[in-house]
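At the far end of the sequence shown sits residue 293, using UniProt numbering, and the numbering has no gaps. Working notes, structure below.
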Amino acid sequence: MKIYRAETGKRIQVRKSFESLGDLKAELEQVGGVPISSQILMTSFGLQLKTEMINDANKATGKDEYIIFLFDRDLLDVNNTYDQTPLVEGLSLEPPIIAPAASNILTRLQNRGSWNNINLSEECGAYVNLFQTHHSQGQLFVKTAEKHAGICKLLYQEQKIQQMALDVAITNLNSHCRSIIEAHEDVYTFAEKEITKQTRLIQSLSTDIETLRRITIHPGLLKDARNLMNDRDSYTLADFIAEDKLIILAKEGKQAYDQISNRVQELTSLVRAVQSGTDTLKKKKFDSSNSIK
Numbered sequence: 001m002k003i004y005r006a007e008t009g010k011r012i013q014v015r016k017s018f019e020s021l022g023d024l025k026a027e028l029e030q031v032g033g034v035p036i037s038s039q040i041l042m043t044s045f046g047l048q049l050k051t052e053m054i055n056d057a058n059k060a061t062g063k064d065e066y067i068i069f070l071f072d073r074d075l076l077d078v079n080n081t082y083d084q085t086p087l088v089e090g091l092s093l094e095p096p097i098i099a100p101a102a103s104n105i106l107t108r109l110q111n112r113g114s115w116n117n118i119n120l121s122e123e124c125g126a127y128v129n130l131f132q133t134h135h136s137q138g139q140l141f142v143k144t145a146e147k148h149a150g151i152c153k154l155l156y157q158e159q160k161i162q163q164m165a166l167d168v169a170i171t172n173l174n175s176h177c178r179s180i181i182e183a184h185e186d187v188y189t190f191a192e193k194e195i196t197k198q199t200r201l202i203q204s205l206s207t208d209i210e211t212l213r214r215i216t217i218h219p220g221l222l223k224d225a226r227n228l229m230n231d232r233d234s235y236t237l238a239d240f241i242a243e244d245k246l247i248i249l250a251k252e253g254k255q256a257y258d259q260i261s262n263r264v265q266e267l268t269s270l271v272r273a274v275q276s277g278t279d280t281l282k283k284k285k286f287d288s289s290n291s292i293k
């Protein structure tokens, strides 16, 4: 397996195999400097690394080799004041190349006097020195160019890994967002249905009570009734119901359902904000189609 720090794109050198996920995380804390509690390990195919995946990660090679990205949970928290200074690195560049005084030699050779008084040995030595100076300067340019080319290649590889890690993070975020939206739709549909049903029942309470007042109980059903007043010839269903308690319960129920309705609306707003934020991040994501091949 190959493990990369998601924030920097740098590879973290670890052992080739591990007995458990906890063993891997412990070594990453020691080598990578990210506490176990802050580690999020994601595979290149968008899944969080689980204990049951360690065996396959140890054995997979070639095109099946696991590429794992180590995310620092603290850096993902926008409210965290985590010091990001350790992630910033300076580049070690070659110093500026100062041109030698070769032009002075060339000027003297070009402005020499008569050819009759030329010392051949001195002239040849001057040209040899000039060529050596140019050669040394050329070697400095080659050395500097090679080192800077190596730095550019390293930066490109690290940025490529960062892009891959970002793709994984966006894919994972999109998956979570989709799950939240689907779960919310189920909750919202159920809550809306129940609130509408209960609201209608509460609104019809007065009509229901009036209906109970109009339904007379058959005298035959009252023969065995206990604790009834005998000053009336007939009774209705309303006589056996505590209307005041029903009205109080109806008011309390309406208040409770109003609170639930408000919370459902707040949840809806929150889910929409999550969806909007996810869409914004997806639009800002680095477009891999425009990357350097």
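Note that the Cβ used here is the ideal one computed from N, Cα and C, for glycine as well.
- Secondary structure in the segment 165-223: the alpha helix (DSSP H) runs of 4 residues or longer, each lying completely within the stretch, are 205-214 in chain order.
- In the DSSP assignment, T280 falls within the unbroken alpha helix (DSSP H) covering 243-284.
- With respect to the 8 Å criterion, T236 and I209 are not classified as neighbours on the basis of their beta carbons.
- Between the C-alpha atoms of Q255 and V274 there is a straight-line separation of about 29 Å.
- In terms of Cα proximity to L249, the closest of V264, I202, L267, V271 is I202.
- Residue range 54-59 is occupied by the alpha helix (DSSP H) that includes K59.
- Taking a C-beta distance under 8 Å as the contact criterion, A57 and A165 do not qualify as a contact pair.
- Contact between the segment 125-143 and the segment 91-98 is present: three or more C-beta pairs spanning the two stretches fall below 8 Å.
- For D23, the enclosing alpha helix (DSSP H) stretches over residues 21-32.
- Between K25 and Q48, the beta carbon gap of about 12 Å keeps them out of contact (Cβ cut-off 8 Å).
- Judged by beta-carbon spacing, L267 lies beyond the 8 Å limit of H176, meaning their Cβ atoms are not closer than that value.
- Selection R15, L21, S44, K283 evaluated against Q162 yields S44 as nearest (Cα-Cα).
- By the neighbour-count criterion, in which 16 or more other beta carbons inside 10 Å mark a residue as buried, L41 falls on the buried side.
- When S204, T199, S17 are compared, the shortest CA-CA separation from K59 is found for S17.
- Excluding the 5 residues flanking it on each side, E27 has same chain C-beta neighbours closer than 6 Å at V14, in chain order.
- V128 has its alpha-carbon roughly 14 Å from the corresponding atom of Q137.
- Counting every other CB atom within 10 Å of its CB across the protein chains shown gives L70 a total of 16 or more, marking it as buried.
- Boundaries cannot be given for R15, as no beta strand (DSSP E) includes it and DSSP labels it neither H nor E.
- In the structure shown, I40 adopts extended strand secondary structure according to DSSP, grouped into three states.
- Looking at T207, V187, D72, the one whose alpha-carbon comes closest to that of V34 is D72.
- Annotated three-state conformation of D233 is coil, per DSSP.
- The beta carbon of V271 lies closer than 8 Å to those of I180, I181, H184 in the same chain, with the five residues before and after it left out.
- By the neighbour-count criterion, in which a residue is buried when 16 or more other Cβ atoms sit within 10 angstroms of its Cβ, I3 is buried.
- Put simply, of T199, S261, V168, L212 the residue whose alpha carbon is nearest the alpha carbon of K282 is V168.
- With fewer than 16 other Cβ atoms inside 10 Å of its own Cβ, I36 counts as exposed.
- For F71, the secondary structure class from DSSP, reduced to helix, strand or coil, is strand.
- In this structure, the beta-carbon distance from L21 to T61 does not fall below 8 Å.
- An exposed status is given to I247, since fewer than 16 other beta-carbon atoms sit within 10 Å of its beta-carbon.
- Counting only residues of its own chain and dropping the five nearest sequence neighbours on each side, T278 has a CB closer than 7 Å to the CB of L173, N174, C177.
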